[in-house]
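*Asks:* Going line by line, the protein sequences match chains A and B. Each residue of the first sequence is one higher than the last, beginning at 1 in my numbering. Each residue of the second sequence is one higher than the last, beginning at 195 in my numbering. Note that the Cβ used here is the ideal one computed from N, Cα and C, for glycine as well.
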Amino acid sequence: MNPSSTSNQTDERVEWVRASMERHEAELLRYALSLVGDLPSAEDLVQDAFLKLCKQEPESLRGRLVPWLFTVVRNQAMDRHRRESRWPRAAEAEASQVAGNSPTPSASAQARDDVRNLMSLLTALPPNQREVVRLKFQNQLSYREISNLTRLTETNIGFLLHTALKTLRQRFERLDAGSGVPLARSTLHPSSPQ
Amino acid sequence: MKSSSSPADWTPDSPELTAFALKDGPFDPSAPGWAEQRAAAEQAVVRSALLRAEIGEIRRVADDVESDLSREAIHRLSADRREAVLAYARNPERGLPRRSSDGSPPEGDSGWHRLWSVVTRPAMGYSLAAATALSIGLALWSAWPSGSQPSPAVAVRSGASNALAKASPSISEDRSTPTPTPTSASASASDSPPIAQSQAEILRGEPQLAWGSSGRSPHLSNPSNPSNLSESPGSSASVAEFKRYGLAPSADSAHAPSGAATPAALPAAAPVSEVARKPQDHQATPVTPTAQAKTSIPRLRALTTREIPFQSAATAPRSTFPLQPGNTSYPQIRKALQDGQLPSPDAVKLEELLNYFSYDYPAPSGSDPVSAQVEVADSPWSPDHRLVKIGLQARPAQTAGRPRANLVVLVGLSPGSSARLSWAQRSLQALIEALDGRDSLALLLDGPQGRLILPATAAADRASLIRGVGALRAEGAPRGLEGLRRAYALADQHHVPGGINRVVWIVDGEFSAEAGTRDALATLIREQTEWGVFLSVMGLGSEVPPEPSEVPWMPTPGGGAYASAATPAEASAVLRREVQPSPTAVAENVTVDVRFNPARVDQWRLLSQESRESSAAPRTSPTNSGAQMEAGRSVTALYEIVPTRSTDRPRAGSGTESAAPAGGRSDLLNLEVGYRSPANGRVQDPAENTPSRKLQVGVPDVRRSSDAATADYKFAAAVVGYGLMLRDSPFKGDLTWEKVQILAEEGQGPDREGYRAEFLQLVRQARALQDGAVQNGKAKQ
């Protein structure tokens with residue numbers, strides 16, 4: 001084999017892995033964190049997934065890189081769970097994953113509250129619903145992609161999402177009713193005088 | 195996902211409804227048979243307000259969840275982990291490195307690990323850029339393409355990727371010392387908002403990243419080429435159409451072009467700043483040095499319009515005038531003056547100036563849908579001539595019969611435009627006054643927090659509405675897409691079947707949707723329009739509507755419309771019209787026939803202009819058949835008449851005539867307005883095209899000084915005189931700025947909305963500019 005072509009291939013592969021990492025590590029970390037509950041473990045999962053990627057032919061994953069990465073992360077999390085019986089400590093993790101990114105202090109406090117509220121509501125969902133919600137709304141996967149990843153049927157995914165959204169909606173509403181702040185979440189839940 | 199129930203059986207609790215709302219599962223455009231699925235579902239949904247409301251709810255919750263999730267902290271792999279991966283990629287034979295979290299050096303040669311850390315660091319910026327470029331290439335799906343074919347609209351995620359490119363390097367640098375604990379996670383998250391926020395902006399709603407594996411073919415687009423931004427041809431066409439009717443709200447735009455082939459239908463003049471003024475034989479307009487300096491690339495070019503000259507009443511005794519003049523000229527002039535320039539004479543259109551203002555005409559009496567009023571006096575600029583002012587007034591709209599209105603007002607003004615905020619408030623108050631007790635109004639603030647200021651409230655509770663308007667604030671950069679989604683969700687919740695369901699979006703005149711969200715906006719607006727929720731966008735403080743490429747509204751006629759309001763009065767007028775249903779014609783096939791009496795009239799001219807190319811005598815016969823007059827509309831025309839010598843004798847008379855018996859031999863002219871009652875949905879019989887009814891006014895010749903004319907007459911003369919001065923018209927006689935100003939001052943009248951006071955301002959500005967130019971010209975000689 002021509003040594004220069006081999007070195008070219010290696011360069012290409014390194015670039016491919018690097019680009020994949022740049023692009024997908026953040027979403028994979030979020031997903032992994034939601035599965036295992038602590039950041040170091042999540043980083044382990046994601047790093048492992050990219051190490052496995054190094055062994056793959058770019059051509060073989062063309063067009064299905066993201067589902068592949070998600071699948072690897074998920075399978076490893078399952079293995080880990082079986083091995084260590086430490087399936088999600090997600091409750092703590094999700095409550096701690098709160099970002100403040102708004103321009104004013106009060107606005108950012110509001111944003112934090114929103115995220116915190118959602119996280120606490122999410123953790124109250126069954127794990128399978130919680131995962132599907134994240135994959136759909138955070139990772140923007142389609143029903144079919146989620147179905148491939150979780151080995152559940154699309155109908156099942158549809159049902160899980162439907163149920164989860166219903167529950168979240170009811171809880172949002174209850175949250176609004178309970179909080180004395182009329183303009184907080186209630187921006188989205190106006191009560192009609194009619 | 196196989197649909198377990200047919201859409202006809204759907205209830206709000208069907209999981210399929212969620213899939214439909216999310217456009218996923220069987221409603222994912224890549225799913226087999228999605229087009230049929232979608233069509234069946236749409237049928238069911240359109241029929242059921244309950245399902246529609248539920249879909250609105252589902253989308254709202256989905257948006258919330260997505261938005262909240264997108265604000266979660268963003269983590270990245272620590273630098274040493276990345277380096278370990280890359281080193282392994284370069285040489286997989288070395289064996290797997292140990293994880294850094296294990297606390298021990300990687301397997302194999304521990305030296306390579308450090309070596310790579312040196313090599314990869316400088317490459318970071320580059321690779322980020324590469325990754326960014328790739329992510330730009332990802333196409334967004336307009337998940338709900340129109341028609342049965344999945345025709346993906348392509349958009350560029352430039353907004354998100356810019357933010358990524360900017361934000362990521364600093365983050366990855368922060369991560370060089372990884373301390374991955376929950377505390378540091380939330381701390382580092384405060385560095386990351388640009389990513390979280392912009393991704394949230396872009397990814398919210400329909401558009402999804404198109405993973406190739408899902409069967410959706412990603413359409414790559416060149417991020418550097420803005421023309422790739424999806425713009426349906428229809429959309430830009432309608433925007434262009436609408437530009438000509440700068441003020442008209444949506445409903446009008448759908449109807450207005452149906453008028454006669456009049457100047458209204460001529461292409462709008464080139465933007466004032468682009469047209470250099472070239473001194474023309476009789477139309478030399480001096481140019482101020484400042485004006486020259488400000489005209490960036492002067493393109494010398496002949497004027498394209500000229501005023502319609504005098505015609506002989508003996509050979510051409512008949513005339514007509516446009517019933518739907520355009521309304522771009524006045525705002526263009528105002529804009530030019532505000533920029534310290536004199537407008538191009540081509541931009542000065544006499545009949546548009548005249549009709550920018552409304553005049554006090556009596557409402558039609560009895561069964562007549564239209565009234566006519568004619569006033570005659572001596573021409574202020576050529577005292578030997580008469581100036582005839584003709585006004586037609588259509589019967590006002592009947593509000594009693596109109597359906598209930600469900601209005602959601604979304605206010606998205608940037609902070610710092612407090613003046614505009616107060617306009618918005620004033621115009622909303624005007625809107626509230628025009629509401630009926632049964633109507634409802636909700637107020638949403640578009641900003642980082644998207645606050646609901648006022649839930650949908652019955653207009654009977656006026657105090658609450660006014661309080662809500664008073665509570666409006668500008669709280670931060672409007673978010674556009676997200677705000678509009680919420681507004682639609684609200685409108686959906688209170689959908690009035692068969693009523694006026696409308697979202698009114700008040701933005702800064704300069705507002706343009708963020709590039710990456712335009713496609714989603716267009717899709718959203720189209721969908722909502724299909725469901726009968728219409729959109730009106732009002733840009734405050736802008737003279738000229740934004741470029742079509744920046745406003746993806748109006749994918750379908752009537753679906754959305756852009757009205758720019760440059761003054762508070764305009765804003766009020768625009769909003770008040772919101773509650774009117776699509777304008778109803780009170781008269782159709784309207785023809786205007788002005789017949790001059792050759793015994794009294796030697797020559798006449800319509801104060802208007804025509805294309806320089808146009809030959810022969812224009813507008814000498816009623817060409818505006820088929821035009822309709824909408825409720826409440828009025829139109830005004832001015833004729834200048836050179837009387838025959840024998841008629842120069844003064845004669846007593848009020849000078850104001852309406853609907854007097856026609857045909858007298860001493861009449862100056864006869865006005866005949868033919869019309870038919872509206873078809874009201876009946877199929878028109880082509881044979882019925884002749885007007886079935888006529889309104890006739892005989893206008894006796896009177897001689898009276900313009901000083902004795904009504905305020906409206908003086909004001910109309912001032913406005914047209916202003917145009918003559920700006921055009922440096924060969925017909926301006928002995929007109930001076932002084933005279934224009936006096937006429938305008940005397941013609942102020944009650945001026946309830948402040949339009950006329952503003953005009954007076956513009957007269958002073960133009961006068962100062964032209965005087966300055968003349969002074970400069972003299973100084974140079």
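1) Could you check which residue in B:561, B:543, B:685, B:941 has the C-alpha nearest to that of residue 872 (chain B)?
2) Taking buried to mean at least 16 other C-beta atoms within 10 Å of its own C-beta, is residue 322 (chain B) buried or exposed?
3) Residue 26 (chain A) versus chain B: which residues are under 7 Å apart at the beta carbon?
4) On a Cα-Cα basis, can you pick out the residue from A:56, A:155, A:37, A:41 that is closest to residue 218 (chain B)?
5) With a CB to CB cut of under 7 Å and the five nearest residues on each side skipped, what residues in its chain are close to residue 138 (chain A)?
6) Identify, in the order they occur along the chain, each residue of the same chain with its Cβ nearer than 6 Å to the Cβ of residue 565 (chain B), setting aside the five sequence neighbours on each side.
7) Could you name the residues of the same chain whose beta carbon sits closer than 8 Å to that of residue 915 (chain B), not counting the 5 residues immediately before and after it, in chain order?
8) Determine, using beta-carbon pairs with one atom in the stretch 240-259 of chain B and one in the stretch 8-28 of chain A, whether at least three such pairs fall under 8 Å.
9) Tell me whether residue 78 (chain A) is buried or exposed, calling it buried when 16 or more other Cβ atoms sit within 10 Å of its Cβ.
10) Less than 8 Å between CB atoms is the rule here; does residue 118 (chain A) satisfy it with respect to chain B?
11) Taking its Cβ as the centre, do 16 or more other Cβ atoms sit within 10 Å of residue 568 (chain B), making it buried, or is it exposed?
12) What residues in the stretch 249-265 of chain B have a beta carbon less than 9 Å from any beta carbon of chain A?
13) Which full runs of the alpha helix (DSSP H) of 4+ residues lie inside the stretch 657-731 of chain B, going along the chain?
14) Mapping the DSSP letters down to three states, classify residue 222 (chain B) as helix, strand or coil.
15) Just to confirm, are residue 598 (chain B) and residue 690 (chain B) a CB contact at a threshold of 8 Å?
16) Here's a check: name, in chain order, each residue in its chain whose Cβ is nearer than 8 Å to the Cβ of residue 607 (chain B), leaving out the five neighbours to either side.
17) Which one of A:80, A:76, A:50 has the shortest CA to CA distance from residue 66 (chain A)?
18) To the nearest angstrom, how far is the alpha carbon of residue 63 (chain A) from that of residue 518 (chain B)?
19) Buried or exposed for residue 207 (chain B), going by 16 or more other Cβ atoms inside 10 Å?
20) Does any C-beta atom of chain B lie closer than 8 Å to the C-beta of residue 70 (chain A)?
21) Going by CA-CA distance only, name the one from B:544, B:232, B:834 that's closest to residue 215 (chain B).
22) I need the straight-line Cα distance from residue 189 (chain B) to residue 119 (chain A), nearest angstrom please.
23) So the candidates are B:867, B:866, B:838; which of them puts its Cα closest to the Cα of residue 860 (chain B)?
24) Report the neighbours of residue 711 (chain B) on chain A: residues whose CB is nearer than 8 Å to its CB, in chain order.
25) For residue 603 (chain B), collect the residues of the same chain with a Cβ closer than 6 Å to its Cβ; drop the 5 residues on either side in sequence, then sort them by chain order.
26) Which runs of the beta strand (DSSP E) at least 3 residues long sit entirely within the stretch 492-571 of chain B? Give them in chain order.
27) Can you name, in chain order, every residue of its own chain whose Cβ lies under 7 Å from the Cβ of residue 238 (chain B), other than the five neighbours on each side?
28) Is any beta-carbon of chain A found at less than 8 Å from that of residue 693 (chain B)?
29) On a CA-only basis, which of B:922, B:803, B:261 is nearest residue 136 (chain A)? Give me that one, please.
30) Quick one: list the residues of chain B neighbouring residue 74 (chain A), beta-carbon separation under 7 Å, in chain order.
31) Within the continuous beta strand (DSSP E) that includes residue 788 (chain B), where are the two ends?
32) What residues from chain A crowd round residue 212 (chain B), counting only those whose CB sits closer than 8 Å?
33) Is the stretch 506-517 of chain B touching the stretch 819-834 of chain B, taking contact as three or more C-beta pairs under 8 Å?
34) For residue 652 (chain B), collect the residues of the same chain with a Cβ closer than 8 Å to its Cβ; drop the 5 residues on either side in sequence, then sort them by chain order.
35) Using beta-carbon positions only, say whether residue 45 (chain A) and residue 17 (chain A) come within less than 8 Å of one another.
36) CB residue 983 (chain B) to CB residue 686 (chain B), shorter than 8 Å?
*Replies:* Let me spell this out:
1) B:561
2) Because residue 322 (chain B) carries a pLDDT of 30, less than 50, the predicted location of this residue cannot be relied on, and no value is offered for it.
3) 268, 269, 270
4) A:155
5) 30
6) 556, 558, 587
7) 574, 575, 926, 929, 933, 934, 937
8) no
9) exposed
10) yes
11) buried
12) 251, 252, 254, 255, 256, 257, 258, 259, 260, 261, 262, 263, 264, 265
13) 675-687, 712-724
14) coil
15) yes
16) 614, 615, 618, 668, 672, 700, 701, 702, 734
17) A:50
18) 56 Å
19) exposed
20) no
21) B:232
22) Residue 189 (chain B) is absent from the model: chain B starts at 195 and stops at 975.
23) B:838
24) Those do not exist, as residue 711 (chain B) stays about 16 Å from chain A at its closest Cβ, beyond 8 Å.
25) 637, 698
26) 499-501
27) 201, 202, 204, 245
28) no
29) B:261
30) Ordered by position in chain B, no residue passes the 7 Å Cβ test against residue 74 (chain A), which lies about 16 Å from the chain.
31) 779-790
32) 158, 161, 162, 165
33) yes
34) 631, 632, 633, 634
35) no
36) Chain B is shown only over 195 to 975; residue 983 (chain B) falls outside these bounds and no answer can be derived.
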